[in-house]
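Asks: First the structure, then my questions, so here it is.
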Amino acid sequence: MSATAVDIAADVRAGRRSALDVVEAALAAIAARDGELNAFNTVTADQARAAAASIDARVAAGEDVGPLAGVPVALKDNLCTRGVPTTCSSKILAGWKPPYDATVVGRLVAAGAIMVGKTNLDEFAMGSSTENSAFGPTRNPHDPTRVPGGSSGGSAAAVAAGFVPLSLGSDTGGSIRQPAALCGVVGVKPTYGRVSRYGLVAFASSLDQIGPFATTVADAAACYDVIAGWDPFDSTSIPEPLEPTSAALGRGVQGLRVGVVSEMTSEAMGIAPDVLVRVREAADALAAAGATVTEVSVPACVYGLSAYYLIAPAEASSNLARFDGVRFGLRVDAPTTAEMQRATRTAGFGPEVKRRIMLGTYALCAGYYDAYYGKAQRVRRLILEDFERAYGEVDVLLSPTSPTTAFPLGAKTTDPLTMYLNDVCTIPSNLAGHPALSVPFGTGSDGMPVGVQLMGPALSESLLFQVAAVLEASSS
Amino acid sequence: MPARISRDDVAHVARLALLELTEDELERYTEQLGAILEHAEDVAALDLGDVAPLAHPLSLRNVFRDDEPGAALDRDEVLAEAPAAESGRFRVPAILGEEP
Amino acid sequence: MSETTWETVIGLEVHAELATRTKLFSGALNHFGSEPNTNVDPVSLGLPGSLPVLNRAAVELAIRVGLALHCEIRPSVFARKNYFYPDMPKDFQISQYDQPIDLGGWLELPEGKRIGITRAHLEEDTGKNTHVGGSGRIGGADYSLIDYNRAGVPLLEIVSEPDLRSADEARAYVGELRAILVAIGASDGKMEEGSLRVDCNVSVRRPGEPFGTRCEIKNVNSLRSLGRAVDYETRRQIDLIEAGDKVRQETRHWDENGGRTTPGRSKENSEDYRYFPEPDLVPVVPDPAWIEEIRAALPRLPAERRHDLAAAAGLTPTDLTVIVAVDRGADATALEAIAAGADAVRVLTHIEHNLAVEGADALSGSTLAALVGMETSGALTATQAKTVLAELVTLAVSGVQGDPAAVAAAKGFEAMNTGAFDAAVDAVIADNAEEWERFKAGDPKERGKLTGFFVGKVMKSTKGQADGKAVTAALLSRAG
Ligand SMILES: [Mg+2]
Ligand SMILES: [Zn+2]
Chain U
1 MSATAVDIAA
11 DVRAGRRSAL
21 DVVEAALAAI
31 AARDGELNAF
41 NTVTADQARA
51 AAASIDARVA
61 AGEDVGPLAG
71 VPVALKDNLC
81 TRGVPTTCSS
91 KILAGWKPPY
101 DATVVGRLVA
111 AGAIMVGKTN
121 LDEFAMGSST
131 ENSAFGPTRN
141 PHDPTRVPGG
151 SSGGSAAAVA
161 AGFVPLSLGS
171 DTGGSIRQPA
181 ALCGVVGVKP
191 TYGRVSRYGL
201 VAFASSLDQI
211 GPFATTVADA
221 AACYDVIAGW
231 DPFDSTSIPE
241 PLEPTSAALG
251 RGVQGLRVGV
261 VSEMTSEAMG
271 IAPDVLVRVR
281 EAADALAAAG
291 ATVTEVSVPA
301 CVYGLSAYYL
311 IAPAEASSNL
321 ARFDGVRFGL
331 RVDAPTTAEM
341 QRATRTAGFG
351 PEVKRRIMLG
361 TYALCAGYYD
371 AYYGKAQRVR
381 RLILEDFERA
391 YGEVDVLLSP
401 TSPTTAFPLG
411 AKTTDPLTMY
421 LNDVCTIPSN
431 LAGHPALSVP
441 FGTGSDGMPV
451 GVQLMGPALS
461 ESLLFQVAAV
471 LEASSS
Chain W
477 MPARISRDDV
487 AHVARLALLE
497 LTEDELERYT
507 EQLGAILEHA
517 EDVAALDLGD
527 VAPLAHPLSL
537 RNVFRDDEPG
547 AALDRDEVLA
557 EAPAAESGRF
567 RVPAILGEEP
Chain P
577 MSETTWETVI
587 GLEVHAELAT
597 RTKLFSGALN
607 HFGSEPNTNV
617 DPVSLGLPGS
627 LPVLNRAAVE
637 LAIRVGLALH
647 CEIRPSVFAR
657 KNYFYPDMPK
667 DFQISQYDQP
677 IDLGGWLELP
687 EGKRIGITRA
697 HLEEDTGKNT
707 HVGGSGRIGG
717 ADYSLIDYNR
727 AGVPLLEIVS
737 EPDLRSADEA
747 RAYVGELRAI
757 LVAIGASDGK
767 MEEGSLRVDC
777 NVSVRRPGEP
787 FGTRCEIKNV
797 NSLRSLGRAV
807 DYETRRQIDL
817 IEAGDKVRQE
827 TRHWDENGGR
837 TTPGRSKENS
847 EDYRYFPEPD
857 LVPVVPDPAW
867 IEEIRAALPR
877 LPAERRHDLA
887 AAAGLTPTDL
897 TVIVAVDRGA
907 DATALEAIAA
917 GADAVRVLTH
927 IEHNLAVEGA
937 DALSGSTLAA
947 LVGMETSGAL
957 TATQAKTVLA
967 ELVTLAVSGV
977 QGDPAAVAAA
987 KGFEAMNTGA
997 FDAAVDAVIA
1007 DNAEEWERFK
1017 AGDPKERGKL
1027 TGFFVGKVMK
1037 STKGQADGKA
1047 VTAALLSRAG
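Protein chains in written order, with this note's numbering: chain U, 1 to 476; chain W, 477 to 576; chain P, 577 to 1056.
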């Protein structure tokens, strides 16, 4: 699928192309190569064809079918879809068909988009390589011996492989931006509260955000415009009205102040030299386009990883309690309910999920709450304050997205801590609740894609798209 | 600074979280959680008495819904996904232990 | 040993279901008695991906209760209380923990003693388990069935200070709290439907000594059980201590049939609820203007209403008929009837005994006064008045305030004139000379028995038109 979402929608709306043709092309691409990549947990071919036919009929009847008319989309398999399995790539939810749709799903459908399937992820979004899936790993379309990143690896790979022009992922500590970087696509984590979390199976509630993957900044912006906005079913949804971000795309960066985050561009933080080269080039490209580029310090960032690995598991330990074999999903029979619940959870959760549940349970235990969870929340405020100080000096921040390019499958699975270090540059924006995106910018010494990260203050999505468009133009 | 997580601690949290661990797993998780928590010591060691905890990045307050009925779920659709159901209810094995 | 050397110390935790239309965190109906699992949505079932959104009406009722209990209304934060139990859909309960909405108030018992209110906080109710097979009780059941209709119903947990000192005080406290909750529309207060649930903390000590070790007693489902449970537990603890044992801090269950408390099974997971702030909700910071608006709209509370009614009736506020009238919300009717000149005791007696029926509140005070007036003047006997009253209520429900005289006439109730009455009594005495001799002899026991005999005969011969009390009086005066 080489056409962009924006082009497809324009063609379908104008009747130049049928949505059914578009969907058939997507399904054919998936059929041809997903056996190898394993980006999808479920392909909803019949449902997609029916939806496409209905779009075509409505176009023929002269109806406005929405800004994403006929655009095939893939949804991370932790987004609830009514009647369609929503598994979180976990045995404990295998086959579970939710009785309701996530808010974002309803918004995409209302905009004319067509769901073609549900994508693979690290179980319950816990991981950075999509290797922690109960249904096998997803592979990187640029090199199938390598990981696509994670946890939204299936959604990133589906776009990078050209299966679909758009997909949705969720980002708790980098789970959209890191796989976007590793797969060479655009990935956006909006401001916390900008996109409704209703129907997103929670990992860490105060950090989770849904966002788009796309091959172009314009497509990502168009998708963001559809899914963002206030939702009465999410108490943490931001009520401020939304302005379409697409309008900002052509504005350039003349006069903008860009800060390169010093803490995220040091080899001491484990950033690979070839990645650093690309970040410097990106800074130069922005300077050449008229931006003022300086180095900016966000000192508390260095504590981000530790704080995150206390807060996120703590919330997860509570969010994942409901998977107990009583109301939905897997049940392993036993004579008493407590034994049944224990047997179900023991059989249903994979090792990484168990590790984080136990870590989070420990961090919340009465004797350790202050030392761990409480302390992490104070660090969270420090990080927010440091960011706010930085945004007094510059408009946006620039950094690597991931410390390295895509690594081989199995390279980091033995030591959890090594895997966690993948998120060192992405986590701080989640803790602060700020928007951030990853945009492809060249390749590393191994020829694999490199992504650079743009971060901004709350609700600065337009600005981030505006700057990303400049980087996109200069890297191609 | 808290002491390093012990085998007993891990067994305790596994019990709280309704997870069963084999001896091997207990061993391995104790080691892994120990390493992660050791990494977190940089945070645990900070003196942040004068910094207020931040539970949430938003400064929203007073988000309410009106007391108006919304759509109910279809019981058959819900119970069709239940591991076991009977007479319109979810069925579970014998419940031992008192309600907390 | 004697109980006078011991003092019982009681603190109560009352869970009141709030009278909202929908649940605390979603639009599923808050309705008792529906078909199982029909008042459920993704939030009440704790389905993956569901999120809570707070019901404004529940917050408003919590503030109303707080104001009625003289609490400070505070900014509050919801927390998660984590524990596994199958009737708790998310396996955590959303509850206010260290920052409750209502803090530090008091409630005055009818007798005048003030009981401290520690706090009142909002939380969600659980679903309901039905145990099937075996004994049908939790321990011996083969399996259980769960209905989540109740899951997510708003609860206000109202915690008292340990200021109560007897079973009577504990009952009075719950009675008064219930009256307040009903009066302000916060809860329907139906203990039998579980709208009001009481956990009591009981300890004993010798007066002046520090508090003893307390036990928490659950499953107390009525005011009667509350009194029995407190008395039983007090006795049990005194006996333990006097036998040289110690009271163990534990949760115990009231066994209504056995009339005793039994130790709860130990819960391996309950010691650590791992509370933390609920990240899916934002803080509640009630605007002072909102609080004042709620305060201004508060109805008059039962204590004040009892005081007013008692003053009008010439009784004390602790008089049972006064308490009942206010409890039933019939005090306005009573005051109207009394103001219209009706005999207060008769008015309140009718309210207590003859107006505890559906639709009674439709009856106006002036209609009630007119009826009582006929009774006082002797135009109607007590029995006839009761019959007429029932008819008046039926009419009132259909929107008509009937005329008691017309209703009485239609029923053929005519006042007996004195001559006919005296003749009827004399005739019965003449017909039963032997019994009359025994009556006159004056043995009190014999007289008691024979009074019933003569009253019955007179009633029969007058077809119920004679007043029973008047017949008794006539017999006594004739006997000398
Ligand atoms: Mg409690
Ligand atoms: Zn409670």
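For glycine and all other residues, C-beta sits at the position ideal for the given N, C-alpha and C.
Quick one: which residues of the segment 518 to 545 of chain W get their C-beta closer than 9 angstroms to a C-beta of chain B? List them in chain order.
Replies: Protein chains U, W and P are contained in the structure displayed, whereas chain B is not.
Asks: Identify the contact partners of residue 611 of chain P in chain W, using a Cβ-Cβ distance below 9 angstroms as the criterion.
Replies: 551 and 564
Asks: With DSSP as the reference, label residue 120 of chain U as helix, strand or coil.
Replies: coil
Asks: Taking C-beta to C-beta, are residue 882 of chain P and residue 907 of chain P nearer than 9 angstroms?
Replies: In this structure, residue 907 of chain P lies closer than 9 angstroms to residue 882 of chain P by Cβ.
Asks: Can you grab the Cα-Cα spacing for the pair residue 897 of chain P / residue 752 of chain P, in whole Å?
Replies: 15 angstroms
Asks: Please list the partners that residue 851 of chain P has in chain W, where partner means a Cβ-to-Cβ separation under 9 angstroms.
Replies: Residues of chain W passing the Cβ test: none, with the nearest at roughly 12 angstroms.
Asks: For the segment 377 to 445 of chain U, list the beta strand (DSSP E) runs that are entirely contained and at least 3 residues long, ordered along the chain.
Replies: 396 to 400 and 436 to 443
Asks: At 7 angstroms on the CB atoms, spell out the chain U contacts of residue 558 of chain W, in chain order.
Replies: 327 and 328
Asks: Taking Cβ positions only, does residue 377 of chain U come closer than 9 angstroms to chain W?
Replies: yes
Asks: Opposite residue 774 of chain P in the DSSP bridges: which residues?
Replies: P:590 and P:796
Asks: With three or more beta-carbon pairs closer than 8 angstroms as the criterion, would you say the segment 657 to 677 of chain P touches the segment 863 to 883 of chain P?
Replies: no
Asks: Quick check: the Cα distance between residue 1072 of chain P and residue 570 of chain W, rounded to an integer number of angstroms?
Replies: The structure shown does not extend to residue 1072 of chain P, since chain P is modelled only from 577 to 1056, so the question has no answer here.
Asks: Could you tell me the alpha carbon to alpha carbon distance between residue 138 of chain U and residue 149 of chain U, rounded to whole angstroms?
Replies: 9 angstroms
Asks: Is the beta carbon of residue 939 of chain P closer than 9 angstroms to that of residue 961 of chain P?
Replies: no
Asks: Just by C-beta distance, which residues in the segment 490 to 517 of chain W are closer than 7 angstroms to chain U?
Replies: 490, 492, 493, 494, 495, 496, 505, 508, 509, 511, 512, 515 and 516
Asks: Got a sec: which bits of the segment 649 to 664 of chain P sit with their beta carbon under 7 angstroms from any beta carbon on chain U, in order along the chain?
Replies: 656, 658, 660 and 662
Asks: Check distances from the C-beta atoms of the segment 885 to 903 of chain P to those of chain W and list, in chain order, the residues that come in under 7 angstroms.
Replies: Look at the segment 885 to 903 of chain P: it has no residue with a C-beta under 7 angstroms from a C-beta of chain W.
Asks: Starting from residue 666 of chain P, find everything on chain U with Cβ-Cβ shorter than 9 angstroms and list it in chain order.
Replies: Per Cβ cutoff of 9 angstroms: 318, 319, 321 and 322.
Asks: Going by alpha carbons, who is nearest to residue 355 of chain U out of U:476, U:19, U:275 and U:414?
Replies: U:414
Asks: Quick one: which chain W residues come within Cβ less than 7 angstroms of residue 96 of chain U?
Replies: 557
Asks: Would you tell me roughly how many angstroms separate the C-alpha atoms of residue 468 of chain U and residue 484 of chain W, rounded to the nearest one?
Replies: The alpha-carbon atoms of residue 468 of chain U and residue 484 of chain W are separated by roughly 50 angstroms.
Asks: Helix, strand or coil for residue 657 of chain P? Go by DSSP, reduced to three states.
Replies: strand
Asks: Residue 485 of chain W touches chain U at which residues, Cβ-Cβ below 8 angstroms?
Replies: 362
Asks: Using the beta-carbon of each residue, which ones in chain P are nearer than 9 angstroms to residue 481 of chain W?
Replies: Within 9 angstroms of the CB of residue 481 of chain W, no CB atom of chain P is found; the nearest one sits about 15 angstroms away.
Asks: Quick one, are the C-beta atoms of residue 479 of chain U and residue 174 of chain U less than 9 angstroms apart?
Replies: Nothing about residue 479 of chain U can be reported from this structure: the residues present for chain U run from 1 to 476 only.
Asks: Closest to residue 945 of chain P by C-alpha separation, out of P:925, P:721 and P:985, would be which residue?
Replies: P:925
Asks: Within 10 Å of its beta-carbon, does residue 983 of chain P have 16 or more other beta-carbons around it, so buried, or fewer, so exposed?
Replies: The residue is buried, with at least 16 neighbouring Cβ atoms inside 10 Å.
Asks: What does residue 603 of chain P touch in chain W if you count any residue whose Cβ is under 8 angstroms from its own?
Replies: Chain W residues near residue 603 of chain P: 541, 544, 545, 546 and 547.
Asks: Check whether chain P comes within 9 angstroms of residue 199 of chain U, counting only Cβ atoms and requiring the distance to be less than that.
Replies: The beta carbon of residue 199 of chain U falls within 9 angstroms of a beta carbon belonging to chain P, placing the residue at that interface.
Asks: For the pair the segment 51 to 67 of chain U and the segment 192 to 208 of chain U, tell me if three or more CB-CB distances fall below 8 angstroms.
Replies: no
Asks: Can you tell me whether DSSP reads residue 677 of chain P as helix, strand or coil?
Replies: In the structure shown, residue 677 of chain P sits in coil (DSSP, three-state: anything other than H, G, I, E or B).
Asks: Name, please, each residue of chain W whose Cβ falls closer than 7 angstroms to the Cβ of residue 172 of chain U.
Replies: Chain W residues near residue 172 of chain U: none, gap ~13 angstroms exceeds 7 angstroms.
Asks: Just how far apart, CA to CA, sit residue 303 of chain U and residue 519 of chain W?
Replies: 6 angstroms
Asks: Report the rounded CA-to-CA distance for residue 184 of chain U versus residue 451 of chain U, giving the unit in angstroms.
Replies: 7 angstroms
Asks: Go to residue 950 of chain P, then tell me how far its alpha helix (DSSP H) extends in each direction, as first and last residue.
Replies: 941 to 952
Asks: What does a CB cutoff of less than 7 angstroms around residue 300 of chain U pick up in its chain, not counting 5 residues either side in sequence?
Replies: 379, 382, 383 and 386
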